Each structure stands twice: as C-alpha cells, then as structure tokens.
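Peer 1: Residue numbers (our numbering): 17 to 126. Note that beta-carbon positions come from the ideal geometry of N, C-alpha and C, so glycine has one too. Because the structure is a prediction, the values reported are computed rather than measured.
Following this line, the structure appears as structure tokens:
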C-alpha cells in the first residue's frame, strides 16, 4: 500500500511510521481567532431641479470613507525580514531585516 500523502517515504505508510516513532517531519496549521474590523461608511444625496419646462438638472453627491484595518487586541504582526532597517555599519553595509546585530566587538546572527 502506497501512502497518498507522502509517496516517496522510505518507511512505507506515513501513519504507521508516525505510530512507531519513525516520523521525519510534521506540520500543524492553525488559524488563531482574530477580532479584526474595518468600518466603511458613506452618504448619498440626489435631487432633481426643474429649471424650465424643457430642462431638468439632476444633481447627485456621494461621499465615502473607510477606517484603517485594525485588530481589537493588537495581535496582528507583520515582519519583513528582507526590509531595510536603516542601520549602516562601516565595512558591513546596510543590514536587511534583523539578520545581524553588532555590539562593538562581536558580530553575530540573531
């Protein structure tokens, strides 16, 4: 029997390998609950004005606004590891994201 989810597995059936402790990798995807919100509001006004017997002016006014997307408990975070930090160290150049930290003598990955 071939494992449908992991056909190149050397142990055979992926579930059997997991049960006997031969698992090689795993992934659990979770979607945490969020309390996100954004408000969209607008107003629309229309009026017809009869200027003469043969001329009617139709006037319309529309105004819309949206609030920025927010999360009620401030739990949303976006990290751009390739973004420019603005840190310029002589001899090392500009740092990308938070790849390196320097403290005088030591330069190490973080």
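1) Measuring alpha carbon to alpha carbon, tell me which residue in 68, 78, 48, 73 is nearest residue 59.
2) Mapping DSSP to helix, strand and coil, what is residue 75?
3) With distances taken Cα to Cα, identify the nearest neighbour of residue 56 among 72, 81, 29, 90.
4) Quick check: what's the CA-CA separation for residue 83 versus residue 54?
5) Check each candidate in 68, 48, 74, 70 and name the one with the smallest Cα separation from residue 62.
Peer 2: On the basis of the data shown:
1) 78
2) strand
3) 81
4) 6 Å
5) 74
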